[in-house]
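**Student:** Can you read through this structure? Questions will come right after.
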Amino acid sequence: MSRALIAKRFTPYSPRHQSLPVFDFLAPSLVPWTRCVRRVPITTTAASIDSKPKPKPKPKPKPKPKPEPEPHHAESPQLRSKKHPFSPEQQRFLDRALRVNQAGELAAVLIYAAQTPLLIRSHPQLRPLMKHMYDQEEGHFQTFNDLIARHRVRPTLMYPVWKAAATALGWSTAIMGRETAMACTEAVETEIGGHYNEQIKVLLDWAEKMETQGEEVGEELKDLLRNLRRIRDEELEHLDHAVSNDAKSAEPYELLTNIIRSGCRTAIWISERV
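Spelled out as C-alpha cells, the structure:
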C-alpha cells in the first residue's frame, strides 16, 4: 500500500471536508424516485355490484273500455221533460205577489202583537189562542222573507206606513173589546184568504199549461204552491177561530168589517205597485 493511501485512510475527519459542495446530478440519487400518478376515482355500476338480474317490471293492466251508451229511442213531445225558468211575465206576477204577501204578513204580526196584551189582561183564557195565531203569522212572515230573497224581489216601500197602520188597528180594536178584536181578525183573514186563493189559481194554471205542453213542473213552482196552500189554510183557520169567539157580535159589525176589508184591499193594491 502506498504511503499516500495510508495517510488518507488514517487522516481524521474534519468539518472542512463537509463544506465541499456535492453535486447530486453527478451521481444517482439514493432516494427512490416516486412517480406522481393521477388518481382516477373508481366507480362501480349497480350492475357490477348486484350480480343478480333485476326482474322485469310487470306490464300495467290495460283499462277496460267503457261500455258504449245505449242509443236512446226518440221520445214523443208529450213524454219529453223540459225545464225552464219563469217567463218575464210570470216573474212580474211573482214580484207583485210576494211583495204584497210579505207586507200582509208583517201587518198581521203587528196586529196580533198590539191586541194580545190588552185582550189577555181581561180574557186570560185567550192567551193560548192568541199565542198560537201570533206564532203562525210570524212563521208566514219568515217564509215570505225567504221567498223574497230567493226570487230577488224588492220589498214594498210602504213598510213604515203599514207598520204604523197595523199597530194602530190592533190596539184600537182590542180597546173596544174581545168581539171587536175578533171581528178585525175575521175581516183581515177574509181578504187575505181570498187573495191567496187567487194566487194559487194562477200558479195552478201555469202548472196545467206546462203539463199540457209536455214540460216538467219545476221545483220552484211546486214549492210556491205548497207554501201558499199551507199559509192560506192557516189564515182560514184564524178566521174560524175569530167567528167561534163571537166576532159577529161586535157592534157595529157590518160597518167595522167593511172598513177594515176596504183598507186591506187598498193596502194590497198599493203594495203590489210600490
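Per the UniProt record's numbering, the very first residue in the sequence shown carries number 1; after that it's consecutive. Here a beta-carbon is modelled for each residue, glycine too, at the ideal position from N, C-alpha and C. These figures come from a predicted structure and were not determined experimentally.
1. Please return the same chain residues whose Cβ sits closer than 6 Å to the Cβ of I148, not counting the five positions on each side in sequence.
2. Ordered along the chain, which non-local residues of its own chain (more than five positions away) have a Cβ less than 7 Å from that of L256?
3. Exposed or buried, R232, counting other C-beta atoms within 10 Å across all chains shown (16 or more means buried)?
4. In chain order, what residues of the same chain lie with their CB nearer than 7 Å to the CB of L110, ignoring the 5 residues before and after it?
5. Check V100 in the structure and name its three-state DSSP category.
6. Have a look at A108, M130, E219 and flag the residue whose alpha-carbon is nearest the alpha-carbon of L118.
7. State the CB to CB distance for the pair V100 and I268, rounded to an integer number of angstroms; the pair is presumed to be in contact (CB under 8 Å).
8. In the structure shown, what three-state DSSP assignment does A250 receive?
9. Are E191 and A242 touching if we call contact CB-CB under 8 Å?
10. Rounded to whole angstroms, what's the CA-CA distance from V217 to A113? Just pull it up for me.
11. Going by DSSP, what residue range makes up the alpha helix (DSSP H) through P155?
12. For E105, count neighbouring C-beta atoms within 10 Å of its own C-beta (all shown protein chains included) and say buried if the count is 16 or more, exposed if not.
13. Which of the three DSSP states is assigned to F86 in this structure?
14. Indicate the three-state DSSP secondary structure (helix, strand or coil) for Q213 in the structure shown.
15. Taking the straight line between their C-alpha atoms, what separation do you get for S94 and E219?
16. So, under 8 Å CB-CB, T185 and A107 are touching, yes? Tell me the CB distance rounded to an integer number of Å.
17. Around the C-beta of H153, are 16 or more other C-beta atoms found within 10 angstroms, so that it is buried, or is it exposed?
18. Once DSSP output is grouped into helix, strand and coil, what is the label at N258?
19. Got a sec? Which residues, its chain only, sit under 7 Å from I175 by beta carbon, not counting five neighbours each side?
20. Whole angstroms are fine: how far does the CA of E208 sit from the CA of P160?
21. Going by C-alpha distance, which of D223, R150, D146 is nearest L204?
22. Report all residues from its chain with a CB closer than 7 Å to the CB of V274; omit the five preceding and five following residues, and keep chain order.
23. Excluding five sequence neighbours on each side, which residues of the same chain lie with their C-beta closer than 7 Å to the C-beta of I270?
24. Alpha carbon to alpha carbon, what distance is there between R150 and L126?
25. Taking C-alpha atoms, which residue in E237, E198, A187, S244 lies nearest to S262?
**Tutor:** So, from the listed chains and residues:
1. Taking the first residue of the sequence shown as position 1, residue 148 is located at position 148. Closer than 6 Å at the Cβ level, and outside the excluded window around I148, lie L98, Q102.
2. Numbered from its first residue, the sequence shown carries residue 256 at position 256. So the list reads T180, A183, A250, once near-sequence residues are dropped.
3. For the purposes of this step, residue 232 is taken as the residue at position 232 of the sequence shown. Label assigned to R232: buried.
4. To locate residue 110, count along the sequence shown from 1; it is residue 110. Contacts found: K163, A166, T167, G170.
5. Stepping through the sequence shown from its first residue, residue 100 is reached at position 100. Helix, per DSSP.
6. As a position in the sequence shown, residue 118 is number 118, starting the count at 1. L118 has its Cα closest to that of M130, out of A108, M130, E219.
7. Residue mapping note: residue 100 aligns to position 100 of the sequence shown, counting from 1. Residue mapping note: residue 268 aligns to position 268 of the sequence shown, counting from 1. The pair is a contact, with the Cβ atoms about 5 Å apart (cut-off 8 Å).
8. What you label residue 250 is simply residue 250 of the sequence shown in a count that begins at 1. DSSP places A250 in coil when its eight states are reduced to three.
9. Along the sequence shown, read from residue 1 onward, the residue named residue 191 stands at position 191. Along the sequence shown, read from residue 1 onward, the residue named residue 242 stands at position 242. Result no, Cβ atoms of E191 and A242 do not sit closer than 8 Å.
10. One-based indexing of the sequence shown puts residue 217 at position 217. One-based indexing of the sequence shown puts residue 113 at position 113. About 39 Å.
11. In the sequence shown, the residue the question calls residue 155 occupies position 155. Counting along the chain, P155 falls outside any alpha helix (DSSP H), and DSSP gives it neither H nor E.
12. As a position in the sequence shown, residue 105 is number 105, starting the count at 1. Buried.
13. In the sequence shown, the residue the question calls residue 86 occupies position 86. Looking at F86 - three-state DSSP - the assignment turns out to be coil, as it is neither helix nor strand.
14. On the sequence shown, position 213 is the one that residue 213 refers to. Here Q213 sits in coil by DSSP.
15. For the purposes of this step, residue 94 is identified with residue 94 of the sequence shown, where counting begins at 1. For the purposes of this step, residue 219 is identified with residue 219 of the sequence shown, where counting begins at 1. Before going on, a small fix: residue 94 reads as Leu here, not Ser. Each residue's alpha carbon lies about 15 Å from the other.
16. Within the sequence shown, residue 185 is the residue found at index 185, counting from 1. Within the sequence shown, residue 107 is the residue found at index 107, counting from 1. T185 to A107, Cβ: 12 Å. No contact.
17. Walking along the sequence shown from the start, residue 153 turns up at place 153. One point to set straight first is that residue 153 is Val, not His, in the sequence displayed. With 16 or more Cβ atoms within 10 Å of its Cβ, V153 is classed as buried.
18. Working through the sequence shown from its first residue, we reach residue 258 at position 258. Three-state result, N258: helix.
19. As a first step, residue 175 is located in the sequence shown; it is residue number 175 there, counting from the start. Cβ neighbours of I175 beyond the five flanking positions: L118.
20. Locating residue 160 in the sequence shown gives position 160, where the first residue counts as 1. Locating residue 208 in the sequence shown gives position 208, where the first residue counts as 1. One C-alpha to the other measures close to 39 Å.
21. If you number the sequence shown from 1, residue 204 lands on position 204. Looking at the Cα atoms, D223 is the closest of the given residues.
22. Counting from 1 along the sequence shown, the entry for residue 274 is found at position 274. For V274, where only same-chain residues beyond five positions count, the Cβ hits under 7 Å are T156, L157, M158.
23. Counting from one through the sequence shown, the residue named residue 270 turns up at place 270. Only M158 meet the Cβ criterion.
24. Along the sequence shown, read from residue 1 onward, the residue named residue 126 stands at position 126. Along the sequence shown, read from residue 1 onward, the residue named residue 150 stands at position 150. Going from the Cα of L126 to the Cα of R150 covers about 36 Å.
25. As a position in the sequence shown, residue 262 is number 262, starting the count at 1. S262 has its Cα closest to that of A187, out of E237, E198, A187, S244.
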